[in-house]
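Student: What follows is a structure written as structure tokens; I'll ask about it next.
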Amino acid sequence: MPLSEPVKRRHLHTRTVTMQGFAREDGLWDIEGRMTDAKTYSFANHDRGRVEACEPVHDMRVRLTIDMEFRVHGVEATTEASPYRICPEVAPAYKKLEGAVIGPGWRKTVREAMGGRAGCTHITELLSAMATAAYQTLFPERARRSAEAPPLPDRQRRPSWLNSCYALREEGEVVRREWPQWAKD
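The sequence shown begins at 29 in the numbering used here and counts up one residue at a time.
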């Protein structure tokens, strides 16, 4: 169902976030994120002189290289457009996240390593959101490998994603239909 018809208004700003996942030929996975901010009007900027309408004020990109256990093997961050000339200087610092594992506590790990003056607000935000893209990229392959593995007794454990959102709540129709052993009335 689409949003309701808005009150008459004027478009001022667009933030675009894209994330893509790739299977590499070496067995690792690349998760790439990009965030851009653009205004619909031109404005003066001390470091850039002038930022034209629809030209990115911010354009940040991140590539995480991970394995099947979500361990980060590589981090590459870049700032292609920013309001301040010095913004790109912090990008190499994101290598601090190499060795970290994407999973519960990922946002906290990113924030502790790169929050505040240690990093770029926008790259840090992007990294936090990239955890979901990593999961969406690897989940089908992990499920395929799991289906090929011999059954283990702990396969009957409660799924970690149960109650992670409205659709996957124990009392909901999706869990009742797809995983009835975990459904609650």
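For every residue, glycine included, the Cβ atom is placed at its ideal position computed from N, Cα and C. Computed from a prediction, not measured in an experiment: that's the story for all the values here.
Could you tell me which uninterrupted alpha helix (DSSP H) segments, each at least 4 residues in length, are contained entirely in the segment 120-171, listed from first to last along the chain?
Tutor: For the segment 120-171, whole alpha helix (DSSP H) runs of length 4 or above, ordered along the chain, are 134-142.
Student: If you reduce the DSSP assignment to three classes, tell me which class R38 lands in.
Tutor: R38: coil per DSSP, three-state reduction.
Student: Expressed to the nearest angstrom, what Euclidean distance is found between the alpha-carbon atoms of A171 and I151?
Tutor: Computed Cα separation, rounded: 30 Å.
Student: Taking the alpha carbon of E235 as the point to measure from, which residue in H86, P30, M29 has its own alpha carbon closest?
Tutor: Residue 235 falls outside the range modelled here, since the chain spans only 29 to 213, and no answer is possible.
Student: Whole angstroms is fine: what's the gap from D65's alpha carbon to Q209's?
Tutor: Taking the straight line from one Cα to the other gives about 45 Å.
Student: Select from T68, G77, M96 the residue whose C-alpha is nearest the C-alpha of R38.
Tutor: For the residues T68, G77, M96, the minimum Cα distance to R38 belongs to T68.
Student: So, T42 versus R62, is the Cβ gap smaller than 8 Å?
Tutor: No, the Cβ-Cβ distance between T42 and R62 is not below 8 Å.
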